[in-house]
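Scroll down for the structure; my scribbles are underneath it.
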Ligand SMILES: Nc1ncnc2c1ncn2[C@@H]1O[C@H](COP(=O)(O)OP(=O)(O)O)[C@@H](O)[C@H]1O
Ligand SMILES: [Mg+2]
């Protein structure tokens, strides 16, 4: 795009006059034009034809712009200032110009306390606690310490483990994941540590386990709290000696593996209850990381909905151009026992079942529209469909009650508008309020 294709400087000036700090990129993300305002913000005037990703993101691990642009998504993100001025950030809004390229709007970001969205290795958030987790992950990734990620199902534990791997010096080595809850003890032992020929019926040849297969890489032990005690003892020995003993084998095999483990349980409580070895816990949770459930970071819900809609629009037959406010209200007040995975599944359902350019409440699965579900994720999966009418016991703290109260307070108690917001009729709203014991006057 350099050389004789370069636009005259007046184009950059005109863009600046219209929109301030702006960059125009071609479809390959190379810079086509930069307004003087954008150059001033960046501290230099980037050469035409240079990769905007390299100019803006350099080698920083937070690459929201890079990740979104290369995925062809519109993005609104705050990134560290590319000139690495301490504490300064740059807000970048990127809009696709169909397939022709991009326009980037740049702004000085707030120093901190910002609730702007970031994308960290596939994880989108605007939540300060999540951003703090990302900072911990990027710092500890380069150390060879064991990390224990705690979080509910679907909260992003495996993505966090992959981020640790991708940011570590082991990134070119293997990443292997094994779910410790999925197999009975004897199979799990040979999956983890391997076996030698003849170790048991059917063991016709030597077979390496996950530890050997993850050599020079990262092993992700998912649901590690479910590991039977006898295997906990064997795992501890591997961690201490850095050798594995395959089932039926005599010769310990050296392994160089970084362990990242995950659980939805409080491991300390498991130790207190005698179900988990304290010595192993201290080996595995050198750095504990907690991923908050989605219902505790509700501001992420609209962000994730938009991100998934943009993503699915490119892949699905349906194109959603607009999200009805009532739909967003429903999605924003649901409790998500299955966290981000459940949210994504709701949208996948809407793409499969619904039609038309507007995402309507009726495109969502029934449990969302009329939910009764427990606050305990293990009981709520799959969510049951509510029996209709007023057989639901009054329960002021239920998610449905909370949603209704929320809709009423947002509409300053207008039942007509609250019903619209919730996507139900005024009569239904009134009936649900009576059933749930919410004052109807
Ligand atoms: N913050 C996030 N932003 C975007 N997608 C996410 C986020 N967290 C989780 N996901 C998606 O949700 C699904 C579940 O994530 P995963 O890491 O497997 O959760 P867990 O291991 O805790 O069950 C995956 O499809 C993942 O890509
Ligand atoms: Mg998982």
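Residue numbers (our numbering): 55 to 495. Just so you know, even glycine gets a beta-carbon here, dropped at the ideal spot from N, CA and C.
Completely contained alpha helix (DSSP H) runs for the stretch 172 to 211, where each covers 4 or more residues: Given a length threshold of 4 residues, each whole run of the alpha helix (DSSP H) inside the stretch 172 to 211 is given here in chain order: 182 to 195.
Is the separation between the beta-carbon of residue 76 and that of residue 210 shorter than 8 Å? Judged by their CB atoms, residue 76 and residue 210 are not nearer to each other than the 8 Å cut-off.
Where residue 123 and residue 83 are concerned, what is the direct C-alpha to C-alpha distance, given to the nearest angstrom? Distance between residue 123 and residue 83, taken at the CA atoms: about 8 Å.
To the nearest angstrom, how far is the alpha carbon of residue 471 from that of residue 465? In a straight line, the C-alpha of residue 471 is about 6 Å away from that of residue 465.
Tell me whether residue 315 sits in a helix, a strand or coil according to DSSP, three-state version. DSSP places residue 315 within a strand segment (E or B) once states are collapsed to three.
What does residue 230 pair with, by DSSP beta-bridge criteria? DSSP, once it has assigned bridges, lists 273 as partnering residue 230.
Which stretch, first to last residue, makes up the alpha helix (DSSP H) that contains residue 480? Counting along the chain, the alpha helix (DSSP H) containing residue 480 begins and ends at 480 to 490.
With a cut-off of 8 Å on the beta carbons, I'd call residue 232 and residue 285 a contact; round off their distance for me. Taking C-beta atoms under 8 Å as the contact rule, residue 232 and residue 285 fail to qualify, at a distance of about 11 Å.
Using a C-beta cutoff of 8 Å, does residue 85 count as contacting chain B? Among the chains of the structure shown, chain B does not appear; only one protein chain is present.
Please return the same chain residues whose Cβ sits closer than 6 Å to the Cβ of residue 281, not counting the five positions on each side in sequence. Closer than 6 Å at the Cβ level, and outside the excluded window around residue 281, lie 234.
Whether or not the stretch 244 to 258 and the stretch 298 to 309 are in contact is what I'm after, with contact meaning three or more pairs of Cβ atoms, one per stretch, closer than 8 Å; do they touch? Three or more Cβ pairs closer than 8 Å define a contact, and the stretch 298 to 309 meets that threshold against the stretch 244 to 258.
Beta-carbon separation of residue 325 and residue 332 under 8 Å? One thing to note: residue 325 has its Cβ within 8 Å of the Cβ of residue 332.
Pocket of ligand 1 (residues with CB nearer than 5 Å to any heavy atom), chain order: A Cβ closer than 5 Å to some heavy atom of ligand 1 marks a residue here, and those residues are 177, 178, 207, 208, 209, 210, 211, 212, 213, 394, 395.
Would a C-beta distance cut-off of 8 Å place residue 69 and residue 99 closer than the cut-off? Their beta carbons are not under 8 Å apart, which means residue 69 does not touch residue 99 by this criterion.
Count the other C-beta atoms from every protein chain shown that fall within 10 angstroms of the C-beta of residue 502, then say buried if there are 16 or more, exposed otherwise. With the chain covering 55 to 495 only, the question about residue 502 has no answer from this structure.
Kindly list the residues whose CB is nearer than 8 Å to the CB of residue 306, restricted to its own chain and excluding five residues on each side of it in sequence; keep chain order. Excluding positions up to five away in sequence, the list reads 295, 297, 298, 299.
For residue 340, which residues in the same chain have their Cβ closer than 6 Å to its Cβ, ignoring the five residues on either side in sequence? For residue 340, where only same-chain residues beyond five positions count, the Cβ hits under 6 Å are 199, 200.
Taking the alpha carbon of residue 187 as the point to measure from, which residue in 344, 372, 408, 453 has its own alpha carbon closest? When only C-alpha atoms are compared, the closest one is 344.
Taking the continuous beta strand (DSSP E) assigned at residue 143, which residues delimit it? Unbroken beta strand (DSSP E) run through residue 143: 143 to 151.
Taking residue 379 as the reference, give the member of 476, 312, 456, 370 with the closest Cα. Checked all of 476, 312, 456, 370; the closest Cα to residue 379 is 476.
Among 406, 411, 400, which has the Cα closest to the Cα of residue 420? Ranking the options by Cα distance to residue 420, first place goes to 400.
Within the same chain, show all residues whose beta-carbon is closer than 7 Å to that of residue 358, passing over the 5 residues directly before and after it, in chain order. Once the five neighbours on either side are set aside, the close Cβ partners of residue 358 are 178, 394, 397.
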